[in-house]
Structures are given as C-alpha cells and as structure tokens.
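Take a look at the structure set out below.
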Amino acid sequence: MNMIERDRAARRRAIRNGHGVMDVLTNLSEATEYSMPRLQAIIAAWVMSAPMEPRGKVARGDGHVDESEYRKQSIYSLLYSLYRSLGSVENEHGERYQFTFNTWGYAWPEAWGPPPAHQHDPQRFGRNAYSGLFHFDAVQQLARERGGRLHVVELGCGTGAGADHVCTSVLPKCTYEAIDMQLAGVSTCRAQFAPKHRGRLVATHADATRAPIDDEVADVVAVCETHVTDQGEVMTEEDRKFFRSARRILKRGGFLAWGNSIPEQAWASSFEFLASIGMEVVAVDDVTDEAVLARDLDDPRIQAYVAHALARFPAFRIPVYGPQRRVEAELAMRNLCRAPGTRLYDDLATRRDPYRVILARRT
Ligand SMILES: C[S@@+](CC[C@H](N)C(=O)[O-])C[C@H]1O[C@@H](n2cnc3c(N)ncnc32)[C@H](O)[C@@H]1O
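Take full-length UniProt numbering: the final residue in the sequence shown is number 363, and no numbers are missing along the way.
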C-alpha cells in the first residue's frame, strides 16, 4: 500500500468507526467538557474529513471564518477543553502559566494610572481588560460607598480567570457570580478559581439570555469580550435578550461595564438598544490603539502556545491531510487571538472593530 492508499484506508476506517465527517467549527457541544483522549479522536476525525469538505472554511490568507461557517458553542467548547487539557505551559520567556484568559485585552492606558498587572505577566492584557471594566470614577465611588462590598454578575465569563482577577485584585471584598454557556469554562472556574475565594465567587453554567438569577441583585454587570453584538448593524434576537437580561439583573442605578472590539455599526445599534430599555450610557473610552499594541506584544506568546498545542496532536502528522488541517488550525487559532496578519487583527488596526470600554447605568 502506498501512502495515499494507506490514507484512504484510514479514512474509510474512521467513517466505519462512526467518526464520519467531523467539523470542529460546528459539531462540538457547549454542554460537554472534552478530555484529551476525546480531543485526540475529534482532531483525528477532523483531519480524516478534510477530503470531504469541498473547500476549507478557514481562509488561507488571513484565517477568516465566515460567521455562517461556525457556531460559538463549538469553538469555545473546543478551546476551553484544550486549555484545560494542556495545563501549564511556558511562554516565550520560559515563564509557566495556564492559558485561561480568552481575552484580547489591551495595554493599560497611561491616563488611567498605574498598571494593574506586572509587565512580565503572560496574561497581563486580559487582566487589564478586567481591571478596565472597573476603572470608571462612578464605579469606584459606588465601591467606596459600599465599603467594597459590591455584587458583580459577569455574563460570558469563559474560564473565570477574569472573575478570579477581580475578586483577588480589583474588588477584594466583592461577591461575584460568573456565568457562561460553556460547561468546560465553568468547570475550570469551579475547579481552579472558586475554591480560593471561599464562597465569594460562584460559577454558573447557563446561557446569559436565560440566566437563572433573580431580578435587581447586581451592583455591576460585567461583560468582557463576550461573543454577542458583533454582527454589524444587525441586533440579533440573542443580542436583545442578552441586554435585557443584563438590565433585569441590575439593581436600579447599577452599572453595566462592557468592553469589546466590535464593528462601529454594532456599537451604534447597541447604544440605541440600551437607551430603548432604560440604560443610559454614561462613559465611553476608546482603547483601540492600546488593543493593537497588546496584540503586537502578545504575538510571541500566542505563537508559542499555538505551536505547543498543535504539537500535542499526532493526527496533524497523518500524511497529506494532517499538514493541511494543521495549517487551518493554526490560522484559525491565530485569527481568534487577533494575531498580526489575520483578518481580526486588521479589523482592529483599521478601526473597523474599535475596542471600547463603556459604562451604562440602569435608570
Ligand atoms: C471571547 S470569550 C471571552 C471569555 C471571557 N470573558 C474572557 O475574557 O476570558 C466569549 C465568551 O462568551 C460566552 N458567551 C457568548 N454568548 C453567551 C451567552 N449567550 N451566554 C453565556 N455565555 C456566552 C462564550 O461561551 C465565551 O466563553
């Protein structure tokens, strides 16, 4: 058997074994946490499915994947399971850390005072993004009035790394409920971060649009790069429900603190919608330049992480389709990280997707 025949036979075996066509961009579930052996099987099936996908979904030039070609439920499930399975890794300087901030973040603006994270911290830009949600004078004043005992609800917390940062370094007396639709992210938060806060940090697995949380309980609703309202001028049904949920959870006079890089039209339609549900935007800070700088400075770490992650999957060494899928995986991961050379990086650098940190008050 030559190499191609061997490859075809392996593909037939994979299909017989029930792997069939595997599309990692759409097939995985937000209700499942995937172990390393399952991830290995999934990636192997994805590699073997390459010839059945008439055209790759990941653009070869810049890693772009069209909105219609992926489900966020699938990609974050894959990423959070991967981060957890890979555990602690080295950054480009040999410093060990676990990839937990799924955040682009930004370099700390000088005008905001001393930076909240150490300059060698591998995940400092994520920490900055979370500290930045609470930098507004109005929030600081509310925290002072309450002796720091604010109740924060976060919608779209990922692994809870930001929640941990806030509970540790930003509002060390707050209580915090962190919500995400991804079981793998919430499990990381429960296992790795919640125990050290002794009941102050609770992680809840739920869709934020149907959050099982009482009305008017939060002083602050935090939203950090949550994957909503990013589709141009169109406010989806999910976007509307998401903001209604934030408003419902907030106490009267409470604050929505939200940071993200999304299209200009998406900012405009979000502001319009927030006003229509009784949320007054009281502050808007643009940190696009700082976000581009962060992506530039973070690139060596992202390169090291992607190379390390891909090397753990022998399926990428399967002849012909392995290297093809490896290129797609690398491009897609880099694009999700908005690394230089990708579509999302360009959208940030050209200010198509400005990064803003905004504060809105429930009137
Ligand atoms: C780019 S990640 C950011 C995660 C985290 N905030 C961080 O900075 O590390 C976007 C997150 O939003 C979550 N998300 C998107 N839509 C959601 C929804 N409707 N309900 C709950 N979580 C949602 C995703 O599951 C994902 O974890």
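Note that CB positions come from ideal geometry on N, CA and C, so glycine has one too.
Cβ-heavy atom distance, residue i to ligand 1, below 6 Å
i	result
V228	yes
A208	yes
M235	no
F99	no
N335	no
N102	yes
D353	no
E272	no
C167	no
G160	no
C224	yes
Between the CA atoms of residue j and residue i - distance to the nearest angstrom
i	j	result
A14	G148	Any reading at A14 must be qualified, since the residue scores a pLDDT of 44, below 50, and its modelled position is unreliable; no value is offered.
F125	L348	15 Å
D215	I249	5 Å
H19	S49	Unreliable positioning characterises H19 in this predicted model, as indicated by a pLDDT of 47, which lies under 50. The coordinate reading is nonetheless provided below. Using only the alpha carbons, I get a separation of about 9 Å.
residue 367	K72	Because the chain in this structure spans residues 1 to 363, residue 367 falls outside the shown range and cannot be described.
N2	Y321	Reliability of the predicted coordinates at N2 is poor, the pLDDT of 48 falling under 50, and the value obtained from them is presented with this limitation in mind. Taking the straight line from one Cα to the other gives about 15 Å.
P340	F136	30 Å
E237	R210	13 Å
T188	E177	14 Å
Q40	P323	16 Å
A9	G87	Only weak support exists for where A9 lies, its pLDDT of 47 falling under 50; the value from the coordinates is given anyway. Using only the alpha carbons, I get a separation of about 34 Å.
is_contact[residue i, chain B] using C-beta, thresh 7 Å
i	result
A59	Among the protein chains of the structure shown there is no chain B, as only one such chain exists.
Terminal residues of the beta strand (DSSP E) in which residue i lies
i	result
D219	A218 to C224
K251	L250 to S261
R362	Y355 to R362
L201	L201 to H205
Residue from the options with nearest C-alpha to residue i
i	options	result
G132	P37, V166 and L201	V166
R60	R343, E290 and W267	R343
A208	V282, D219 and T226	T226
M333	S35, P54, A31 and L79	L79
S269	E30, V170, M235 and L171	M235
F101	G158, Y70, H93 and E69	G158
Span of the alpha helix (DSSP H), counted from its first residue to its last, around residue i
i	result
H165	A161 to H165
Fully enclosed by the segment 292 to 337, which alpha helix (DSSP H) runs are 4 residues long or longer?
-> 321 to 336
In chain order, which continuous runs of the alpha helix (DSSP H) of length 4 or greater are located wholly inside the segment 89 to 148?
-> 124 to 133 and 137 to 145
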